[in-house]
Structures are given as structure tokens and as C-alpha cells.
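Peer 1:
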Amino acid sequence: MNFNIRGAVLHNITGNKSDQLEATIVDAIQSGEEKVLPGLGVLLELFWKNASEEQKHELLAVIEGGIQG
Numbered sequence: 001m002n003f004n005i006r007g008a009v010l011h012n013i014t015g016n017k018s019d020q021l022e023a024t025i026v027d028a029i030q031s032g033e034e035k036v037l038p039g040l041g042v043l044l045e046l047f048w049k050n051a052s053e054e055q056k057h058e059l060l061a062v063i064e065g066g067i068q069g
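All residue numbers for the sequence shown refer to UniProt numbering, where the first residue is 1 and numbers rise by one.
1) One question on the structure: do residue 32 and residue 5 come within less than 9 Å of each other, judged by their Cβ atoms?
2) With a threshold of 16 other CB atoms inside 10 Å of the CB of residue 26, please say whether the residue is buried or exposed.
3) Note down the Cα distance separating residue 3 from residue 67, rounded to an integer number of angstroms.
4) Quick check: what's the CA-CA separation for residue 42 versus residue 50?
5) Out of 9, 57, 58, 56, which one is the CA nearest neighbour of residue 28?
See the structure below:
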């Protein structure tokens with residue numbers, strides 16, 4: 001079966017405001033379900049494609065800090 005995850009996620013969030021996007025992210029993380037990870041990946045991809053180099057560096061630093069505890 002070929003399912004377009006990017007397309008489905010983008011369709012589901014089109015028109016959402018920042019508070020709605022935040023709720024989506026928080027709900028996905030709090031649920032702890034692995035099936036939401038691809039959707040979070042799509043959101044990360046959107047961020048990365050639209051972020052400045054400074055924002056990308058900040059994100060990487062936050063992720064690195066989270067990995068190292």
C-alpha cells in the first residue's frame with residue numbers, strides 16, 4: 001500500500017493557526033504513540049525548509065542537549 005504521509009499531514013494542518021499547531025504537536029508527543037512520529041517528521045521537515053541558518057543551529061543545539069541529557 002502506498003500512502004502519502006506528507007500530503008495527508010499537510011492536508012490536515014492546512015489553515016491551522018499557531019495555537020492549533022502547538023496543540024497538535026503536544027497531543028502527538030503526549031500520546032506516546034509511534035504512529036504519530038511520521039507526522040511530527042513532516043512538521044520538522046516544514047520547519048527545516050523554512051528556517052534560517054540561525055534557527056537550524058538553535059534546533060540542533062536543543063536536540064543535541066536532549067540527547068545528552
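Note that beta-carbon positions come from the ideal geometry of N, C-alpha and C, so glycine has one too.
Peer 2: Working from what's here:
1) no
2) By the neighbour-count rule (16 or more Cβ atoms within 10 Å), residue 26 is not buried but exposed.
3) 31 Å
4) 13 Å
5) 9
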